[in-house]
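Those protein sequence lines, which keep their order, are chains F and S.
The first sequence begins at 15 in our numbering and counts up one residue at a time.
The second sequence begins at 15 in our numbering and counts up one residue at a time.
All C-beta atoms, glycine included, are put in the ideal place defined by N, C-alpha and C.
These numbers come from a predicted model, not from an experiment.
Number of protein chains: 2
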Amino acid sequence: MKDCFSPDFDPLAANAEDARAARIYAALAHEARLRILRHLILQDACCCKEIVSTVDLAQSTVSQHLKVLVQAGLVDYRPERQSSRYSVNSQALNAIQTHLNGLVNDLADFCSGQRK
Amino acid sequence: MKDCFSPDFDPLAANAEDARAARIYAALAHEARLRILRHLILQDACCCKEIVSTVDLAQSTVSQHLKVLVQAGLVDYRPERQSSRYSVNSQALNAIQTHLNGLVNDLADFCSGQRK
DNA sequence: ATCGTATATCGCCGATTTACGATGAAAGAT
DNA sequence: ATCTTTCATCGTAAATCGGCGATATACGAT
Numbered sequence: 015m016k017d018c019f020s021p022d023f024d025p026l027a028a029n030a031e032d033a034r035a036a037r038i039y040a041a042l043a044h045e046a047r048l049r050i051l052r053h054l055i056l057q058d059a060c061c062c063k064e065i066v067s068t069v070d071l072a073q074s075t076v077s078q079h080l081k082v083l084v085q086a087g088l089v090d091y092r093p094e095r096q097s098s099r100y101s102v103n104s105q106a107l108n109a110i111q112t113h114l115n116g117l118v119n120d121l122a123d124f125c126s127g128q129r130k
Numbered sequence: 015m016k017d018c019f020s021p022d023f024d025p026l027a028a029n030a031e032d033a034r035a036a037r038i039y040a041a042l043a044h045e046a047r048l049r050i051l052r053h054l055i056l057q058d059a060c061c062c063k064e065i066v067s068t069v070d071l072a073q074s075t076v077s078q079h080l081k082v083l084v085q086a087g088l089v090d091y092r093p094e095r096q097s098s099r100y101s102v103n104s105q106a107l108n109a110i111q112t113h114l115n116g117l118v119n120d121l122a123d124f125c126s127g128q129r130k
């Protein structure tokens, strides 16, 4: 547990996790990508074409969105002979959940006046 | 609980929550705004100047970032005589946490092969 | 060898974001 | 009345995003 109340604690110190978290939040910040991600969650290891068929976007656009998700680490990519396979990276999803929980918990701690 | 396994469930149906969630994720998708938000969490009801002093950015830039957070609903804004007051909207923070939990839980349910 | 399919990438564009300095408004201080 | 402080907004420039069609690659099928 972070010691947020020690005298030299600086909540604004360069936070390496924030940089990574910001990239993941950015990947989540588009309705189409949320749809794609949810599809991948419920139907693992999809190919690009299948996703195109469920989203009203051009194939090239979907490919771009998938690339964003992959670069953020939220989705794993396995190029296959005929059709590539995309699947959710549950670790990354858990990581961003943890990051967000950290914010919310800080708030909860503050509201309850809790000290270490 | 959403019935994700009913025959006519469509995970890709237009999801009104996704639009709002995407806006909030976008607000979180910047390191400076994460810093600002964390500062507001640990030190409620800050004025703009105080935040400027903790982030290496121009006052106008900070003001813009605050505007993004306010428009996303993550931060409340109360213009004051001398110095405006910004404070975290815990409801919005909880809402986005719930949205993210929804994704993660869907994944967990899928992995465990759980059915209703 | 040619065709069809699936996919990634390129080039282009309009829109949006991010940053800054400058300016103006509101209010307290002198 | 005149400064000073605080803050939002405007204008601007650079960068990035989001979308599309076109194209290139890879491979199975004919």
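So, is the C-beta of residue i closer than 8 Å to a C-beta in chain S?
i	result
F:VAL39	Reading the sequence as shown, one finds Tyr at residue 39 of chain F and not Val. So yes, F:TYR39 belongs to the interface.
F:ALA43	yes
F:LEU114	yes
F:ALA33	yes
F:LEU121	yes
Would residue i pass as an interface residue toward chain F - the criterion being a Cβ-Cβ separation below 8 Å?
i	result
S:SER104	yes
S:ASP90	no
S:ARG216	Residue 216 of chain S is absent from the structure shown; chain S starts at 15 and stops at 130.
S:LEU117	yes
S:ALA30	no
S:GLN111	yes
S:ARG49	yes
When the Cα atoms are used, what is the spatial distance from residue i to residue j?
i	j	result
F:MET15	F:GLY116	In this predicted model, F:MET15 has a pLDDT of only 46, less than 50, meaning its place in the structure is not dependable; the value taken from the coordinates is given anyway. Each residue's alpha carbon lies about 10 Å from the other.
S:ALA122	S:SER74	43 Å
F:ALA106	F:SER97	24 Å
S:TYR91	S:TYR39	19 Å
F:ALA43	S:TYR100	23 Å
F:SER104	S:PRO93	42 Å
F:ALA72	S:LEU114	27 Å
F:ILE110	F:ARG37	10 Å
F:ARG47	F:VAL102	12 Å
F:ASP120	F:THR112	12 Å
S:VAL66	S:GLU45	14 Å
F:ASN108	S:CYS62	33 Å
Which whole-angstrom value describes the C-beta separation of residue i and residue j, a residue pair presumed to lie in contact below a C-beta threshold of 8 Å?
i	j	result
S:LEU83	S:VAL89	4 Å
S:THR68	S:HIS79	12 Å between Cβ atoms; not a contact.
*asked:* Restricting to runs no shorter than 4 residues, where is the alpha helix (DSSP H) found entirely within the segment 38-111 of chain S?
replied: Here the runs fully enclosed are 45-56, 62-68, 73-85.
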